[in-house]
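In my numbering, the protein residues as written are 1 to 143.
For each residue, glycine too, the CB sits at the ideal point set by N, CA and C.
If you're wondering where the values come from, they're calculated on a predicted model, not measured in any experiment.
I have placed the structure first, in the form of structure tokens, so that the comments after it can refer back to it.
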């Protein structure tokens with residue numbers, strides 16, 4: 001009984017310390033917009049200097065350096081972006097992406113588009129089971 005209680009307590013503590021579990025990732029859909037030029041060179045919520053030339057994104061809750069595969073269902077274009085900021089702060093938008101990512105997705109001219117996204121890595125690294133499928137996309141976007 002004591003061992004079960006300790007195990008349950010330890011599991012609870014570890015979940016609180018790192019609540020993100022890559023096995024629980026789901027596809028989420030919604031509106032994406034991109035950063036305007038006025039954010040260039042400003043600090044993100046995580047203290048990085050923002051660049052529209054990098055493949056980065058803002059999400060309200062995902063941890064810093066989480067990697068997301070983002071797909072434009074209208075044309076099938078996909079990118080891998082790294083979370084480096086908090087947002088978006090526009091109602092009904094699920095993600096803000098850099099202009100480089102928006103261009104690759106084909107949404108730079110429309111400004112806002114519906115996207116599908118899912119977590120494919122943490123700490124700036126792809127999950128091992130995603131490397132074969134997404135390594136080329138990730139490397140292309142990491143120029």
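CA-to-CA distance, residue j to residue i, given in whole angstroms
i           : j           : result
residue 57  : residue 81  : 6 angstroms
residue 138 : residue 105 : 14 angstroms
residue 65  : residue 112 : 23 angstroms
residue 100 : residue 50  : 12 angstroms
residue 22  : residue 31  : Low confidence applies to residue 22: its pLDDT is 49, below 50, so where it sits in the model is not reliable, and the reading given next is rough at best. So the two alpha carbons sit approximately 23 angstroms from each other.
residue 86  : residue 52  : 15 angstroms
residue 192 : residue 71  : Summary: the structure shown does not reach residue 192, with the chain confined to residues 1 through 143, and so no result is reported for it.
Beta-bridge partners of residue i, as assigned by DSSP
i           : result
residue 43  : 49
residue 135 : According to DSSP, which records beta bridges pairwise, residue 135 is partnered with nothing at all.
residue 85  : 58
residue 93  : 31
residue 118 : 69
Residue environment, residue i, which counts as buried when at least 16 other CB atoms sit within 10 Å
i           : result
residue 98  : buried
residue 135 : exposed
residue 59  : buried
residue 142 : exposed
residue 145 : There is simply no residue 145 to check, as the chain begins at 1 and stops at 143 in what is shown.
residue 55  : buried
Segment limits, beta strand (DSSP E) that includes residue i
i          : result
residue 68 : 67-71
For residue i, the first and last residue of its enclosing alpha helix (DSSP H)
i          : result
residue 26 : Segment: none, residue 26 is in no alpha helix (DSSP H) and carries neither H nor E.
- Task: Decide yes or no for the touch test of the region 32-42 against the region 119-139: beta carbon pairs closer than 8 angstroms, at least 3 of them.
- Result: no
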